[in-house]
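**Student:**
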Amino acid sequence: MNKVTIKNFFKKYSSVLGLSFAIAISVIVFTLRDKFVGLQSYGYLGLFLLSILGNATIILPVPIILTAFLGGAVFNPLIVGVVVSLGATIGELTGYLAGAGGGEIIEKDKKVQKVKKWMEKYGLWTLFALAVIPNPLFDLAGIVAGATKISVHKYLIVVWLGKLIKFVAISYIGAGSINVIDKFV
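Residue numbering for the sequence shown is 106 to 290, as defined by my numbering.
1) Is the beta carbon of Tyr260 closer than 8 Å to that of Gly177?
2) My assumption, with CB atoms under 8 Å, is that Val189 sits in contact with Ile169. Please give the rounded CB distance.
3) Rounded to whole angstroms, how far is the Cβ of Gly251 from the Cβ of Gly200, which I believe are closer than 8 Å?
4) Tell me whether the beta-carbon of Lys221 lies closer than 8 Å to the beta-carbon of Val249.
5) If we count the other Cβ atoms within 10 Å of its Cβ and call it buried at 16 or more, is Leu183 buried or exposed?
6) Can the beta-carbon of Ala193 be found closer than 8 Å to that of Ser156?
7) Relative to the alpha-carbon of Pro241, which residue among Gly151, Tyr149, Asn160 and Leu175 has its alpha-carbon at the smallest distance?
8) Starting from Glu225, trace the alpha helix (DSSP H) both ways and give me its first and last residue.
9) Apart from the five residues just before and just after Ala280, which ones in its own chain have a Cβ nearer than 8 Å to its Cβ?
10) Can the beta-carbon of Thr172 be found closer than 8 Å to that of Leu152?
11) Flag this pair as yes or no: are the beta carbons of Gly267 and Ala246 separated by less than 8 Å?
12) Could you tell me which of Ile262, Ile238, Leu229 and Lys254 sits nearest to Ile275, measuring between CA atoms?
13) Could you have a look at Leu158 and say whether DSSP puts it in helix, strand or coil?
14) Give the DSSP-derived three-state secondary structure of Ser131 in the structure shown.
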């Protein structure tokens, strides 16, 4: 194959490859989710890896909020919030890549269209708000961000800031809850 043919191949099939990769990661993580929980015993590194894997799933929920909550109860909650938010942001790249690769495939989904309208109206603030608030729509926002070719650098910064606020707060709630439980035990 010459260079033009290889370029055409990737251009033609990038949407299918990107979407297939994101779906495969989601299925693997969802199927093996019980094994990933054991990563918490590896401290901050375990929380980081668990956060990446949990956020790499698309649509299939993995309770990373619980990871931050419990991590905050055991470790320094500020560091847990930072570590989990960094891992979560990296993991959210699968949604972005699915959108960048499969934009045409997902265009017909009504929920995706709703998020796309929000992004057209409010821009990066939509990503930020959806990253701060625990909700299932963030995967769709990542897909739309990739499909609409938002800069990956802007995407990562905005998503990380939103997730940082969320996971630091959740980690501190986890830390505080242990103090309350200790009083009753």
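Cβ atoms here follow ideal geometry from the backbone N, Cα and C, with glycine treated the same way.
**Tutor:** According to the data block:
1) no
2) 7 Å
3) 7 Å
4) yes
5) exposed
6) yes
7) Asn160
8) Lys215 to Tyr227
9) Gly177, Ala178 and Pro182
10) yes
11) no
12) Ile238
13) helix
14) Note that Ser131 scores 49 on pLDDT, short of 50, meaning its location in the model is unreliable and no value can be drawn from it.
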